[in-house]
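Taken in sequence, the protein lines are chains A and B. Numbered per the numbering used here, the first sequence spans residues 4 to 139. Numbered per the numbering used here, the second sequence spans residues 7 to 83. Virtual Cβ for every residue (Gly too), placed ideally from N, Cα, C.
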Amino acid sequence: MKLKHLLHVGIVALLGVGAVSARTWTSANGKNSFEGELKSFDKENNTVTIVYRNGRTVTFGTQKLSEADRTFLEENGKAAADAADPVDVEAALKEQKIGKPLAKKGILSRLEGEKFANFQLEKAPQYYLVYFSASW
Amino acid sequence: MIHVSLDDDKKAAESWAAKEGFPWPTVMKDNLERSGLGDYLPRGIPNYKLISMDGEIVAEGKGAVFQKVAELSKTEA
């Protein structure tokens, strides 16, 4: 759908769910793939934490990923993890007129499965694309 | 993107979001004032606003907002 595509562009461009971290991942055997944002990469223990599009966060061994994905982690994992440093993000949001109230606990929620759950911003964007709507 | 739901009924908002598969962080109506986004409430919905981190409205309306998004994306690329 065109609208959803445009909105996705907005998310990627403005909310800092950057092109480096949001990607399609493939299993080691190449049979399965899924979309998710890289949250952290532990090179020492060879584990990766990925946030699925539905908001669910999972951590697993990098051996479950394709060689291309493991190469990606080697080349981009640290930068992506640094960019998502929660301490820096929290401090940056507190400096913003828009980000400060949104960073308070309980203000934002996001779907987890079919229910809303509390959500904290993981990036401090320069711009916020705000969509006002209702189900009716 | 931040989705501001103006539904009075949270369950209706949740069902709609689940049906459409909304991936965005959402501000529910009962949190609108505390979120600071109540200051930007539009006269009608749906409505899009592009707001800088300092609170300035950079663009408003679907066409203008996405045009500005495209410009900013090029600048960042």
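Bounding residues of the beta strand (DSSP E) (the contiguous stretch that carries residue i)
i              : result
G64 (chain A)  : T60 to G64
G39 (chain A)  : S36 to D45
E115 (chain A) : L111 to E115
R56 (chain A)  : Unbroken run through R56 (chain A): none, as it is neither H nor E.
F119 (chain A) : K118 to N121
E62 (chain B)  : It is not in any beta strand (DSSP E) - E62 (chain B) carries neither H nor E in the DSSP assignment.
A25 (chain A)  : A25 to T29
S11 (chain B)  : I8 to S11
E136 (chain A) : The displayed chain sequence assigns Ser, not Glu, to residue 136 (chain A). Y130 to S136 is the span of the beta strand (DSSP E), which, as asked, contains S136 (chain A).
Element boundaries [alpha helix (DSSP H), containing residue i]
i              : result
L43 (chain B)  : Taken as a continuous stretch (DSSP letters only), L43 (chain B) belongs to no alpha helix (DSSP H), as it is neither H nor E.
A23 (chain B)  : K16 to E26
L56 (chain B)  : Premise fails: L56 (chain B) lies in the beta strand (DSSP E), N53 to S58, not in any alpha helix (DSSP H).
L105 (chain A) : G102 to L105
Residue from the options with nearest C-alpha to residue i
i              : options                          : result
P128 (chain A) : B:K80, B:G67 and B:M59           : B:M59
R49 (chain B)  : B:E66, B:A23, B:D36 and B:E77    : B:E66
H9 (chain B)   : B:V75, B:I63, B:K74 and B:Y54    : B:Y54
K107 (chain A) : A:A137, A:N48 and A:V92          : A:V92
E40 (chain A)  : B:L56, B:P29 and B:V71           : B:P29
K42 (chain A)  : A:T60, A:K103 and A:E77          : A:T60
Q123 (chain A) : A:S138, A:S69, A:S136 and A:K97  : A:K97
L43 (chain B)  : A:W139, A:Y134 and A:S138        : A:Y134
G33 (chain A)  : A:D72, A:Y130 and A:G64          : A:D72
E78 (chain A)  : A:D45, A:W139, A:A137 and A:L132 : A:D45
K100 (chain A) : B:K80, B:K68, B:E20 and B:S41    : B:S41
Environment of residue i [buried if 16+ CB atoms lie within 10 Å]
i              : result
D45 (chain B)  : exposed
Q66 (chain A)  : exposed
G27 (chain B)  : exposed
G63 (chain B)  : Checking the sequence, you will find Ile at residue 63 (chain B) rather than Gly. Its Cβ having fewer than 16 others within 10 Å, I63 (chain B) is exposed.
K25 (chain B)  : exposed
P52 (chain B)  : exposed
F119 (chain A) : buried
E39 (chain B)  : exposed
N121 (chain A) : exposed
E47 (chain A)  : exposed
I14 (chain A)  : Unreliable placement is indicated for I14 (chain A), whose pLDDT of 46 sits below 50; the coordinate value is still reported in the next sentence. Buried: at least 16 other Cβ atoms inside 10 Å.
K126 (chain A) : buried
F72 (chain B)  : buried
- Query: If contact means a Cβ-Cβ distance below 7 angstroms, which residues of the segment 40-59 of chain A contact chain B?
  - Reply: R56
- Within 8 angstroms of chain A by C-beta, residues of the segment 37-69 of chain B in sequence order: N37, R40, S41, G42, L43, Y46, L47, P48, I51, P52, N53, Y54, K55, L56, I57, S58, M59, D60, G61 and V64
- Cβ-based contacts, 9 angstroms cut-off: residues of the segment 97-120 of chain A near chain B: E98, Q99, K100, I101, G102, K103, P104, L105, K107, G109, I110, L111, S112, R113, L114, G116, E117, K118 and F119
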